[in-house]
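A.B. asks:
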Amino acid sequence: MRSDPAEYELVAPGNLEAVISLLAAQPGVWLPIAGGTDVMVQYAAGKLSARKLVSLWNLPELRRIEVSGHEVCIGAGCTYADLRRHEIVEREFPLLASAARWTGGIANQNRGTLGGNIVNASPAADSLPALLVYEAELILVSARGERRMKYLNFHTAYKQTLLAPDELIRAVYLPRRFTGYFSYSRKVGARNAQAISKVCIAALGRVALCVVDDVRIALGSVAPVPKRLLETERVVKGQAIDPALVLRARKTAMEEIRPIDDIRSTARYRAAVSGNLVAEFLIGLAASE
Amino acid sequence: MNTSRAQCEVSLTVNGKPRTVRVYAMERLLDMLRERLGLTGTKEGCGEGECGSCSVLMDGALVNSCLVPILQAQGAEILTIEGLAQGAQLHAMQQAFLDCGGAQCGICTPGMILAACHLLSKEAVPDLEEIREGLSGNLCRCTGYLQIFEAVAEAARRGMTK
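Here it is in structure tokens:
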């Protein structure tokens, strides 16, 4: 059942400070809406419980990418199109750039934002595994001030996050220390554009003197939250990649995830594909030295 | 800043013409175009950003107008399919779609043509992969896509500049 616009309020204060004041005055009452690629879908389906919305679209404070010597700061309001066309993101964070290319189609990439994707907290979001392996940190802002936290801990349960009702994500920081790493990503779904992944992976690694010197693996659509495979990483780190290690890593990955049956796939298929993706990553990593 | 649930005024430019409309802020850009301005060339397909039928250009960027609350289009320049032809003179992309059989039932065509114009504004001579990617958010149930890809390549060959 379609929603009636007369029953909703939407305001666009036009600057970050005014948005934050509004959230502070009535925490949990105002739902922030950026590019609307998720919120407007719920609205169209008559499933949007919030009746008061505050627009973050095009706030200048949220829509810039700043590069410093050791990190890149991506404003939470940057769109996927902004990420795709940024030279440093493309060159140093190819896993994020490829996820941006695979998210929705061009129209959704022109509107969907990185911050919106994080807060929407879908375990199937293509960009979130990339943020996990790049060791992203988030800046959360409210009238009480700012706090910086590891993205790794941000999602606490299905669609639950550490964001307080009066807070917004202001920016995402990515450390510039993964250049030279072997990187691997795949989206397994009906098609790349406009399809939600059955399983997606982002992985990074470096081999030195024939052993895995550093490794990070994250998967989407295999658990209630985007999932970093810390156990699998422990199994692999410091080891030489041979068929026995690939087998152990595959098995550990399959045990570490918690996939479900849903409209897009089955738990069994997702587990098998996850194991295969981890194996394919390791085989590529071994060949990269 | 509009804070009431009552209607508000939104000013924007549609196909080069300045417009001010009294609307509910959460009204969809799609509904404003079709119902308030009578620009029914923009089609509603899925209503959830999956099919691309409602694609328009907002400040030069391709967007799904079903996912844009009208307040977010305040001050924007919107281009719909009605804004492409100059009187009886079809736009080069429209002509290429006609010549190549890129339009059949017509529901996807306005969105498809705007997505194609958006692509050519970024990449004057796209290769087939770029055409496929540029149109990947626009679904067509009639053509099987090949005639559409051919139409976009043809418009590029003819040196479509706008």
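Heads up: the protein sequence lines correspond to chains A and B, in order. In terms of the numbering used here, the first sequence is residues 1 to 289. In terms of the numbering used here, the second sequence is residues 290 to 451. Cβ atoms here follow ideal geometry from the backbone N, Cα and C, with glycine treated the same way. These numbers were taken from a predicted model, which means no experiment stands behind them.
Here's a check: name, in chain order, each residue in its chain whose Cβ is nearer than 8 Å to the Cβ of Cys394 (chain B), leaving out the five neighbours to either side.
C.D. replies: Hits under 8 Å: Arg430 and Cys431.
A.B. asks: Would Cys355 (chain B) pass as an interface residue toward chain A - the criterion being a Cβ-Cβ separation below 9 Å?
C.D. replies: Output row for Cys355 (chain B): interface = yes.
A.B. asks: Is it buried or exposed for Tyr158 (chain A), if we count other Cβ within 10 angstroms and need 16 for buried?
C.D. replies: Looking at its Cβ environment, which holds fewer than 16 other Cβ atoms inside 10 Å, Tyr158 (chain A) is exposed.
A.B. asks: Tell me, to the nearest whole angstrom, how far the beta carbon of Glu146 (chain A) is from that of Leu138 (chain A); I am working on the premise that it is less than 8 Å.
C.D. replies: The Cβ separation is near 10 Å, so there is no contact.
A.B. asks: Closest by CA to Gly338 (chain B), which one among A:Ile20, A:Leu53 and A:Ala44?
C.D. replies: Ranking A:Ile20, A:Leu53 and A:Ala44 by Cα distance to Gly338 (chain B) puts A:Ala44 first.
A.B. asks: Taking the C-alpha atoms as reference points, what is the distance between Glu167 (chain A) and Arg228 (chain A)?
C.D. replies: Their Cα atoms are separated by approximately 25 Å.
A.B. asks: From Ile367 (chain B) to Val312 (chain B), what does the alpha carbon distance come to, in whole angstroms?
C.D. replies: Going from the Cα of Ile367 (chain B) to the Cα of Val312 (chain B) covers about 16 Å.
A.B. asks: Please report the straight-line C-alpha distance between Cys401 (chain B) and Gly433 (chain B), rounded to a whole angstrom.
C.D. replies: The identity of residue 401 (chain B) in the sequence shown is Met, whereas the question assumes Cys. Met401 (chain B) and Gly433 (chain B): Cα-Cα distance of roughly 13 Å.
A.B. asks: Output needed for Cys389 (chain B): all residues of its chain with C-beta closer than 7 Å, excluding positions within five of it in sequence on either side, in chain order.
C.D. replies: Within the same chain, Cys389 (chain B) has close Cβ partners Gln436, Glu439, Ala440 and Glu443.
A.B. asks: Starting from Glu280 (chain A), trace the alpha helix (DSSP H) both ways and give me its first and last residue.
C.D. replies: Glu280 (chain A) -> alpha helix (DSSP H) spans Ala267 to Ala287.
A.B. asks: Is it a yes or a no for the region 44-54 of chain A touching the region 94-114 of chain A, going by three-plus beta-carbon pairs under 8 Å?
C.D. replies: Short answer: they don't touch.
A.B. asks: In whole angstroms, what separates the C-alpha of Arg176 (chain A) from that of Glu135 (chain A)?
C.D. replies: Answer to the nearest angstrom: the Cα atoms are 10 Å apart.
A.B. asks: Assuming Val225 (chain A) contacts His155 (chain A) under a Cβ cut-off of 8 Å, what Cβ separation, rounded to an integer in Å, is found between them?
C.D. replies: Indeed they touch by this definition, with Cβ atoms about 4 Å apart.
A.B. asks: How should Thr292 (chain B) be labelled, buried or exposed, when 16 other C-beta atoms within 10 angstroms of its C-beta is the threshold for buried?
C.D. replies: Annotation note: pLDDT 47 at Thr292 (chain B) (below 50); position unreliable, coordinate value reported separately. Exposed.
A.B. asks: Would you check if the distance between the CB atom of Gly426 (chain B) and the CB atom of Gly104 (chain A) is smaller than 9 Å?
C.D. replies: Contact: yes.
A.B. asks: Is Gln194 (chain A) close to chain B? Criterion is C-beta to C-beta, closer than 9 Å.
C.D. replies: Taking Cβ atoms only, chain B reaches closer than 9 Å to Gln194 (chain A), which makes this a yes.
A.B. asks: Where does the unbroken alpha helix (DSSP H) through Tyr80 (chain A) begin, and where does it stop?
C.D. replies: Per DSSP, Tyr80 (chain A) belongs to the alpha helix (DSSP H) from Tyr80 to Arg84.
A.B. asks: Near Arg270 (chain A), which residues of its chain fall below 7 Å by C-beta distance, leaving aside the five closest residues on each side in sequence?
C.D. replies: Answer for Arg270 (chain A): Lys198, Val199, Ser221, Val222 and Pro259, listed in chain order.
A.B. asks: Go to His297 (chain A), then tell me how far its beta strand (DSSP E) extends in each direction, as first and last residue.
C.D. replies: No answer is possible for residue 297 (chain A): it lies beyond the span of chain A, which begins at 1 and ends at 289.
A.B. asks: Would you tell me roughly how many angstroms separate the C-alpha atoms of Met290 (chain B) and Val19 (chain A), rounded to the nearest one?
C.D. replies: For Met290 (chain B), the predicted structure reports a pLDDT of 48, less than 50, and the residue's modelled location is therefore unreliable. The matter cannot be settled from this model.
A.B. asks: Once you ignore the five residues that flank Leu356 (chain B) on each side, which residues in its own chain have a CB closer than 7 Å to its CB?
C.D. replies: Gly338.
A.B. asks: Tell me, which residues are paired with Tyr173 (chain A) by DSSP?
C.D. replies: In DSSP, Tyr173 (chain A) forms a bridge with A:Cys73 and A:Glu137.
A.B. asks: Here's a check: name, in chain order, each residue in its chain whose Cβ is nearer than 8 Å to the Cβ of Val207 (chain A), leaving out the five neighbours to either side.
C.D. replies: So the qualifying residues of the chain are Phe182, Asp213, Ile241, Leu285, Ala286, Ser288 and Glu289.
A.B. asks: Would you call Leu209 (chain A) buried or exposed, if buried means 16 or more other Cβ atoms sit within 10 Å of its Cβ?
C.D. replies: Flag for Leu209 (chain A) reads exposed.
A.B. asks: Taking 8 Å as the cut-off, is the C-beta of Lys251 (chain A) nearer than that to any heavy atom in the ligand ATP?
C.D. replies: With respect to the ligand ATP, the structure offers nothing, as it holds no ligand at all.
A.B. asks: Counting only Cβ pairs nearer than 9 Å, list the residues of chain B close to Thr37 (chain A).
C.D. replies: By Cβ distance, chain B contributes Gly338, Asn353 and Leu356.
A.B. asks: Once DSSP output is grouped into helix, strand and coil, what is the label at Thr179 (chain A)?
C.D. replies: The answer is coil: DSSP assigns Thr179 (chain A) none of H, G, I, E or B.
A.B. asks: Would you verify that the beta carbon of Ala442 (chain B) is, or is not, closer than 9 Å to some beta carbon of chain A?
C.D. replies: Chain A contact via Cβ: absent.
A.B. asks: Below 8 Å, how does it come out for the region 412-420 of chain B and the region 179-196 of chain A: are there three or more Cβ pairs, yes or no?
C.D. replies: Short answer: they don't touch.
A.B. asks: On the CB-based measure, 16 or more other CB atoms within 10 Å of its CB, does Lys150 (chain A) come out buried or exposed?
C.D. replies: So Lys150 (chain A) counts as exposed.
A.B. asks: Measuring CB to CB, does Ile217 (chain A) end up less than 9 Å from Phe281 (chain A)?
C.D. replies: For Ile217 (chain A) and Phe281 (chain A), yes; Cβs fall inside 9 Å.
A.B. asks: Chain E beta carbons: is any one of them nearer than 9 Å to that of Asn110 (chain A)?
C.D. replies: Absence of chain E from the displayed structure is noted, the protein chains being A and B.
A.B. asks: Use the C-beta contact count for Glu316 (chain B): other C-beta atoms within 10 angstroms, 16 or more gives buried, fewer gives exposed.
C.D. replies: Classification for Glu316 (chain B): buried.
A.B. asks: Do Thr37 (chain A) and Gly116 (chain A) count as a contact pair if the criterion is CB distance below 9 Å?
C.D. replies: It is a contact, given that the beta carbons lie within the stated cut-off.
A.B. asks: Checking 9 Å against the spacing of the C-beta atoms, do Leu204 (chain A) and Ala253 (chain A) come in under that value?
C.D. replies: It is not a contact, given that the beta carbons lie outside the stated cut-off.
A.B. asks: Between which residues of its own chain and Gly272 (chain B) is the CB-CB distance below 6 Å, once the five residues before and five after are set aside?
C.D. replies: Only positions 290 to 451 of chain B appear in the structure, and residue 272 (chain B) is not among them; the question remains open.
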